[in-house]
Amino acid sequence: GAVVSQHPSWVICKSGTSVKIECRSLDFQATTMFWYRQFPKQSLMLMATSNEGSKATYEQGVEKDKFLINHASLTLSTLTVTSAHPEDSSFYICSASAGTGNTAEAFFGQGTRLTVV
Amino acid sequence: AQKITQTQPGMFVQEKEAVTLDCTYDTSDPSYGLFWYKQPSSGEMIFLIYQGSYDQQNATEGRYSLNFQKARKSANLVISASQLGDSAMYFCAMRDFGSARQLTFGSGTQLTVLP
Numbered sequence: 153g154a155v156v157s158q159h160p161s162w163v164i165c166k167s168g169t170s171v172k173i174e175c176r177s178l179d180f181q182a183t184t185m186f187w188y189r190q191f192p193k194q195s196l197m198l199m200a201t202s203n204e205g206s207k208a209t210y211e212q213g214v215e216k217d218k219f220l221i222n223h224a225s226l227t228l229s230t231l232t233v234t235s236a237h238p239e240d241s242s243f244y245i246c247s248a249s250a251g252t253g254n255t256a257e258a259f260f261g262q263g264t265r266l267t268v269v
Numbered sequence: 003a004q005k006i007t008q009t010q011p012g013m014f015v016q017e018k019e020a021v022t023l024d025c026t027y028d029t030s031d032p033s034y035g036l037f038w039y040k041q042p043s044s045g046e047m048i049f050l051i052y053q054g055s056y057d058q059q060n061a062t063e064g065r066y067s068l069n070f071q072k073a074r075k076s077a078n079l080v081i082s083a084s085q086l087g088d089s090a091m092y093f094c095a096m097r098d099f100g101s102a103r104q105l106t107f108g109s110g111t112q113l114t115v116l117p
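Protein sequence lines correspond, in order, to chains A and B. Reading the first sequence from the start, the letters are residues 153 to 269 in my numbering. Reading the second sequence from the start, the letters are residues 3 to 117 in my numbering.
The following block contains the structure:
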């Protein structure tokens, strides 16, 4: 089946630094990818929709200047957490659909556990 | 706006027994899809089963079945013959056909299978 690969799986960074997370669709092209954030014991909350070749669409309350999204190719979207602070520590996970139909299964990356110290 | 409700924060089931995880939803769109995902402690999201709003029959995938009651707007997941490896967080999710294909998730149910 289709595979979405996310890297790194976990990262620890110092407060004030930036961290880049990559999301790749390995065997299909994804014009749209989604970035979610998940706090411990909570649900996945959509942060933004990443569109290949155009600007990302951010959900209300998500700072676009802090969470930079780039979708430069049909197989790669990146999320950069800029000037990270401890409150940005969370589990970030991306997803992409292999098909264009609305029943298309959404495949998820393995997720990235970000810890800001 | 879409809304998914999972009212069971935690559930326990004895190994080899069946368990039902509840999910209700709300949408104004007549066309939508309902999904169930399993999230073990490692964090990965594992797709379990899908039900379309126009599907006449309840979806089944191995030990997983979806009890779809459209009039009640419920889409409960039934896991038969529970196994220890089924212990995980389970999320119900919905995509309405007017959206950009992102999923809206419920709050999840933590299932623990007891030996």
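From the three backbone atoms N, C-alpha and C, an ideal C-beta is built for every residue, glycine too.
Cβ-Cβ separation, residue j to residue i (assumed contact under 8 Å), whole Å
i: S225/A; j: S202/A; result: About 11 Å separates the two Cβ atoms, so there is no contact after all.
i: D24/B; j: Q10/B; result: 6 Å
i: E204/A; j: H223/A; result: 5 Å
i: G95/B; j: Y39/B; result: Residue identity differs from the one stated: residue 95/B is Ala in this sequence, not Gly. With a Cβ gap of about 6 Å, A95/B and Y39/B count as contacting.
i: Y244/A; j: T264/A; result: 5 Å
Cβ neighbour criterion (16 or more within 10 Å) applied to residue i
i: A20/B; result: exposed
i: L68/B; result: buried
i: F191/A; result: exposed
i: S247/A; result: buried
i: A200/A; result: buried
i: V155/A; result: exposed
i: V14/B; result: Here the sequence assigns Phe to residue 14/B, which means Val is not the residue at that position. Flag for F14/B reads exposed.
i: L266/A; result: buried
i: R189/A; result: buried
i: D179/A; result: exposed
i: S96/A; result: Limits of chain A in this structure are 153 at one end and 269 at the other, which puts residue 96/A out of reach.
i: L86/B; result: exposed
Nonlocal neighbours in the same chain, by C-beta distance under 6 Å from residue i, ignoring five residues either side
i: S82/B; result: A20, R65
i: F37/B; result: Y52, A95
Own chain residues within Cβ distance below 8 Å of residue i, not counting five before or after
i: S170/A; result: T232, V233, T234, S235, A236
Sequence-distant residues of the same chain with beta carbon closer than 7 Å to residue i, five excluded per side
i: S89/B; result: L113, T114, V115
**Q.** Selection of the region 41-59 of chain B by Cβ proximity to chain A, strictly under 9 Å
**A.** Q41, S44, G45, E46, M47, I48, F49, Y52, G54
Q) If contact means a Cβ-Cβ distance below 7 Å, which residues of the region 83-114 of chain B contact chain A? A) F93, R97, F99, A102, R103, Q104, L105, F107, G108, S109, G110
**Q.** Contiguous alpha helix (DSSP H) assignments of at least 4 residues, all confined to the region 63-99 of chain B
**A.** none
Q: Can you check the region 171-253 of chain A for any beta strand (DSSP E) of at least 3 residues that lies completely inside it and give the ranges in chain order?
A: 171-177, 184-190, 196-203, 219-225, 228-233, 242-249
Q: Identify each residue in the region 169-201 of chain A for which the Cβ-Cβ distance to at least one residue of chain B is less than 9 Å, and report them in chain order.
A: T184, F186, Y188, Q190, K193, Q194, S195, L196, M197, L198, T201
Q | Contiguous beta strand (DSSP E) assignments of at least 3 residues, all confined to the region 18-44 of chain B | A | 21-23, 26-28, 34-41
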